[in-house]
Amino acid sequence: MGYENLKLRKRNFTVDGGYFYSFDEDSDMLLQKTDDGTTAFSYPLDTVLNETITSTEYDGVNFWTLADGVTDSLIIRRWKIDNYICKLQTTFNLNAGSGHKYDSEAFSVEHYHASISGTAVSGTTNIYIKDGYESKLFSGMAVTLGPNSFGYSETINVFNTGIGYVTLEDPTEYTYADDDSIQFYNYIWLFNNYNGEDSSTGALYKFNAYTGSYITKYIGGAYKDIKAATFYKVDSFTAYGYIDTLCYIKATNMLFIDVTGGATLSYYGSMAMDNIEDNEFTIIEVYDLAMCDQNVYRLQLKATYYGSTTSWSVYNYQLASLNSFVTSISLSAYPGIIAANQVSSSDIVATVKDQFNQPVVARLVYFTDDDNYGSITGGTPINTNSEGEAATIYKSGNQAREVKITATVEQV
Amino acid sequence: MSYDNINFKHPNMTVIDGYFYMFDYTSFNALIQKVDDGTVAFSYPLDMNLGSQVKSLEFDGVYFWSLQNGPQAGYDLSIKKWKIENYICKIQEEFELIGDISNKYDSEAFTVEHYSTSFSEDTPTNSLYIPLVDYYDFIPIGSKVMLGPNSNDEYEEVTITGSLGGDKLGLNFFTSYDYEVGDTITYTPYIWLFNNYNGVNTVGALYKFDASDGSFIGMTTDNEYKNIKACTFNTISSNVNIGTVDALLYVKSTNLKFINPNDLSVYCVMTMDNLRKNSSTVITIYDLAIFGNTIYRLQHEGTYYGTDNSWSTYNYQISPIRNFIDSITIDAYPAILPNNAVNVSEITAIVKDQYTGPIYYKPVSFTDTDPVGFITINPVYTWIDGVATTYYKAGVIVLTVNIEAIVTQYD
Numbered sequence: 032m033g034y035e036n037l038k039l040r041k042r043n044f045t046v047d048g049g050y051f052y053s054f055d056e057d058s059d060m061l062l063q064k065t066d067d068g069t070t071a072f073s074y075p076l077d078t079v080l081n082e083t084i085t086s087t088e089y090d091g092v093n094f095w096t097l098a099d100g101v102t103d104s105l106i107i108r109r110w111k112i113d114n115y116i117c118k119l120q121t122t123f124n125l126n127a128g129s130g131h132k133y134d135s136e137a138f139s140v141e142h143y144h145a146s147i148s149g150t151a152v153s154g155t156t157n158i159y160i161k162d163g164y165e166s167k168l169f170s171g172m173a174v175t176l177g178p179n180s181f182g183y184s185e186t187i188n189v190f191n192t193g194i195g196y197v198t199l200e201d202p203t204e205y206t207y208a209d210d211d212s213i214q215f216y217n218y219i220w221l222f223n224n225y226n227g228e229d230s231s232t233g234a235l236y237k238f239n240a241y242t243g244s245y246i247t248k249y250i251g252g253a254y255k256d257i258k259a260a261t262f263y264k265v266d267s268f269t270a271y272g273y274i275d276t277l278c279y280i281k282a283t284n285m286l287f288i289d290v291t292g293g294a295t296l297s298y299y300g301s302m303a304m305d306n307i308e309d310n311e312f313t314i315i316e317v318y319d320l321a322m323c324d325q326n327v328y329r330l331q332l333k334a335t336y337y338g339s340t341t342s343w344s345v346y347n348y349q350l351a352s353l354n355s356f357v358t359s360i361s362l363s364a365y366p367g368i369i370a371a372n373q374v375s376s377s378d379i380v381a382t383v384k385d386q387f388n389q390p391v392v393a394r395l396v397y398f399t400d401d402d403n404y405g406s407i408t409g410g411t412p413i414n415t416n417s418e419g420e421a422a423t424i425y426k427s428g429n430q431a432r433e434v435k436i437t438a439t440v441e442q443v
Numbered sequence: 004m005s006y007d008n009i010n011f012k013h014p015n016m017t018v019i020d021g022y023f024y025m026f027d028y029t030s031f032n033a034l035i036q037k038v039d040d041g042t043v044a045f046s047y048p049l050d051m052n053l054g055s056q057v058k059s060l061e062f063d064g065v066y067f068w069s070l071q072n073g074p075q076a077g078y079d080l081s082i083k084k085w086k087i088e089n090y091i092c093k094i095q096e097e098f099e100l101i102g103d104i105s106n107k108y109d110s111e112a113f114t115v116e117h118y119s120t121s122f123s124e125d126t127p128t129n130s131l132y133i134p135l136v137d138y139y140d141f142i143p144i145g146s147k148v149m150l151g152p153n154s155n156d157e158y159e160e161v162t163i164t165g166s167l168g169g170d171k172l173g174l175n176f177f178t179s180y181d182y183e184v185g186d187t188i189t190y191t192p193y194i195w196l197f198n199n200y201n202g203v204n205t206v207g208a209l210y211k212f213d214a215s216d217g218s219f220i221g222m223t224t225d226n227e228y229k230n231i232k233a234c235t236f237n238t239i240s241s242n243v244n245i246g247t248v249d250a251l252l253y254v255k256s257t258n259l260k261f262i263n264p265n266d267l268s269v270y271c272v273m274t275m276d277n278l279r280k281n282s283s284t285v286i287t288i289y290d291l292a293i294f295g296n297t298i299y300r301l302q303h304e305g306t307y308y309g310t311d312n313s314w315s316t317y318n319y320q321i322s323p324i325r326n327f328i329d330s331i332t333i334d335a336y337p338a339i340l341p342n343n344a345v346n347v348s349e350i351t352a353i354v355k356d357q358y359t360g361p362i363y364y365k366p367v368s369f370t371d372t373d374p375v376g377f378i379t380i381n382p383v384y385t386w387i388d389g390v391a392t393t394y395y396k397a398g399v400i401v402l403t404v405n406i407e408a409i410v411t412q413y414d
């Protein structure tokens, strides 16, 4: 079983509406694939690509690509499908100089999918927005309204904003109903392997997504050697509810950045993943990242399924979930060594956690042992408590040996 | 059965609440958290590049501490202090031990002397003192202690100004957070380093540094401290022979030595089973950690039930701290008896624990191979000297009688 799915030749992808998109610089196409690898459609590019695309992002309207430029430089492009052609809209050349060098394989575009509040009739310039998203907008940005119930949408520049609304430079051509979509992007975030010109640590760079101008950078080793990032609305952290967050993969964890920070950035959380080979220590590279619904799609050349690592000659996705899922069970024995006299016993504690390192409560843990004479005497199954712990007792057998006790918990 | 468990890629380890931690300087550049079957439970990216192998990892209850080579391996060392904050493992301080004309630094083992106690009373914010369950008469004036975490996962560092009597210690400033009974207080006064140099000479030495600023305090020269690869510091409470003590532990050959940090006297020595089946080749222990009165020894190979197992990764093998039966020896007096069904021989079994101390009140069962002769008292519990005595009454056949003693423990 090869577990192949997309069979992409290139190391970039994004997902929208169940379709997977990848820029192919060999054919100068934007390929649309279904998840069995079938090419559903392709959009010729109106501009020839001379560089390898290292990452692709989609903001709901535009595709964005990252590619290497000349030495220590990068190229970020914005594309839009228009009349069956993928047309280049903007190119930002991030050139070495002015105290910066650029070396990156991961970027994303901060973008928002908000909702219109009330009805916006054709010809209006004032659009009311729900949930305070107008605070993310500023003059000169563009918002995409719709599609409305007739399938129409339009993009209009922002003149200014007020509390709960945005004023457009031009009146709308169509009428929009309550809860129709209003989408926009504002910043580009780039995981640079240079902090300025210093390669000993990394930095997260922030650019204006309309002008490509540098805004600021956040220094940290945690931002170095990043290969996969995206921006997405997530509701996996109960303390925060829905959050718009910049997500990136470092080692075996995906981290969720709060981009609203000022001088420093904090994290909403972190999520463990299974991008480890079956030797339990070799990391599997994740080349690009995309999310749809509660699914995380990781573009990889290898994957470990059920304890066995599979290698591919093409890029495929492996899934992770944003829903809380049992990820680890730690098993401890106190004491760890007991006499084999069929009397001595050891307290066994299983700690169950999800991928966000949070305890998993009220789940039945089943304990088994491989000792023909020893036995679990403290009961099984046992429910996890508020700390994610389930405890039982093992009574020893009569043979000196290593006894393997296994705890199994089922995801409900 | 290969007995591998955590499958660590690098020879550094600490254990916290049943989870195993390792610094990975390679592509991970992260602090890795594993469960004991080797599954990665979580990882914490580092906010700076490690750049080189971490040779030893310690945890003091709040901070992780790492030991690495400095700019010149075998000459310089780097000790770094880390803390997990907001899902990132962040560097707090780095102490560089740079070799010079007076000192060279070459080490693979270090630890931090630390003491963990708790609030004896609820203590509101803006307090100018802290009430401690333990160590209130031990922490010197001017020391820094870490309060927390409290129920909001908040910490703060405070400086002790003196005793206010009883269990209360005064502070130099008001506390910033509320604390409840049982919230943790951690005091980490010193770093101990097993250096393969005493100054610039190649006799070993145990160096002592101030953990708050990395400044050198002193060293004790002894070849005993040379070529040490594993050590740790912990409160030891389950060895009945020494009671509850705070001890510096280090591995020397097949012995684990428990040292009093105040005068470097030896509390006790534990015999371990880090020997290949040939009984002569010592298995290297790369790092050491304690959790739940169990010692976790990080090794590249392990001998289980008379079979050597070598691994491509680092895994732990455990040793108990509580007194556990380790050996039994048997003696007979007289050893030769006439086969007259009358004479008796006193049979003595001596039972010792892993500290080579006598082990008290353990049942010893004696058996013999004589179809007529017999053991008169069975089983016999060991006395405080670890001795269990019984008698064998001779049979009627001339033969070599094998007497076997089996001891067990129920605790």
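Residue numbers (this note's numbering), protein chains in the order written: chain H, 32 to 443; chain W, 4 to 414.
Ideal Cβ positions, reconstructed from N, Cα and C, are used throughout, including at glycine.
Just so you know, these numbers come straight off a predicted model, no measurement behind them.
{"Asked": "Extent of the continuous beta strand (DSSP E) to which residue 305(W) belongs", "Found": "297-307"}
{"Asked": "Range covered by the beta strand (DSSP E) that runs through residue 260(H)", "Found": "260-265"}
{"Asked": "Short Cβ contact (8 Å threshold) for residue 77(W) with residue 109(W)", "Found": "yes"}
{"Asked": "Cβ-based contacts, 8 Å cut-off: residues of the stretch 81-114 of chain W near chain H", "Found": "89, 90, 91"}
{"Asked": "Chain-ordered chain W contacts of residue 362(H) [CB-CB under 9 Å]", "Found": "21, 38, 39, 40"}
{"Asked": "CA nearest to the CA of residue 201(W), picked from 104(W), 164(W), 86(W)", "Found": "104(W)"}
{"Asked": "Host beta strand (DSSP E) of residue 400(H) (start-end)", "Found": "395-400"}
{"Asked": "8 Å contact criterion, which residue 224(H) and residue 134(H) should meet: CB distance rounded", "Found": "4 Å"}
{"Asked": "Which listed residue (47(W), 75(W), 112(W), 370(W)) has its alpha carbon closest to that of residue 85(W)", "Found": "47(W)"}
{"Asked": "Status (buried if at least 16 other CB within 10 Å, exposed otherwise) for residue 403(W)", "Found": "exposed"}
{"Asked": "Touch test, the stretch 5-25 of chain W against the stretch 404-419 of chain H, Cβ-Cβ under 8 Å, three pairs minimum", "Found": "no"}
{"Asked": "Below-8 Å beta-carbon distance, residue 147(W) vs any chain H residue", "Found": "no"}
{"Asked": "First through last residue of the beta strand (DSSP E) which encompasses residue 216(H)", "Found": "212-223"}
{"Asked": "Between the CA atoms of residue 189(H) and residue 163(H) - distance to the nearest angstrom", "Found": "16 Å"}
{"Asked": "Cβ of residue 432(H) within 8 Å of any chain W Cβ", "Found": "yes"}
{"Asked": "Cα-Cα separation between residue 27(W) and residue 270(W), rounded to whole angstroms", "Found": "34 Å"}
{"Asked": "Against chain W: residues of the stretch 341-362 of chain H by CB proximity under 9 Å", "Found": "358, 359, 360, 361, 362"}
{"Asked": "C-alpha gap between residue 380(H) and residue 414(H), whole angstroms", "Found": "11 Å"}
{"Asked": "CB-CB length for residue 292(W) against residue 114(W), believed under 8 Å", "Found": "In fact, because the Cβ distance is near 10 Å, the residues do not count as touching under 8 Å."}
{"Asked": "Residue-level contact to chain H via CB, residue 325(W), 8 Å cutoff", "Found": "yes"}
{"Asked": "Below-8 Å beta-carbon distance, residue 31(W) vs any chain H residue", "Found": "yes"}
{"Asked": "Given residue 8(W) as reference, the closest of 310(H), 398(H), 34(H) once Cα atoms are compared", "Found": "310(H)"}
{"Asked": "Residues sharing a beta bridge with residue 43(H), DSSP", "Found": "According to DSSP, residue 43(H) bridges with nothing at all."}
{"Asked": "Contact set for residue 28(H): own chain, Cβ-Cβ below 6 Å, skip 5 residues either direction", "Found": "Shown here, chain H extends from 32 to 443; a query on residue 28(H) therefore has no answer."}
{"Asked": "Which of helix, strand or coil DSSP assigns to residue 252(H)", "Found": "helix"}
{"Asked": "Bounding residues of the beta strand (DSSP E) (the contiguous stretch that carries residue 298(H))", "Found": "297-303"}
{"Asked": "Anticipated Cβ contact below 8 Å, residue 153(H) with residue 186(H), distance rounded", "Found": "About 16 Å; that fails the 8 Å criterion."}
{"Asked": "Straight-line gap, residue 298(W) to residue 6(W) (C-alpha atoms, nearest Å)", "Found": "17 Å"}
{"Asked": "Distance between residue 122(H) and residue 210(H) (C-alpha atoms, nearest Å)", "Found": "33 Å"}
{"Asked": "Identified DSSP bridge partners for residue 212(W)", "Found": "194(W), 219(W)"}
{"Asked": "Inter-residue spacing [alpha-carbon to alpha-carbon] between residue 133(W) and residue 354(W)", "Found": "47 Å"}
{"Asked": "Alpha helix (DSSP H) segments (min. 4 residues) lying fully within the stretch 341-394 of chain H", "Found": "none"}
{"Asked": "Contacts of residue 125(H) in chain W (Cβ-Cβ under 9 Å)", "Found": "The premise fails here: residue 125(H) is roughly 23 Å from chain W at the closest Cβ pair, so nothing lies under 9 Å."}
{"Asked": "Three-state class that DSSP yields for residue 258(W) in the structure shown", "Found": "strand"}
{"Asked": "Beta bridge counterpart(s) of residue 83(W) as assigned by DSSP", "Found": "69(W), 97(W)"}
{"Asked": "Residue-chain proximity (residue 50(W), chain H), Cβ-Cβ < 8 Å", "Found": "yes"}
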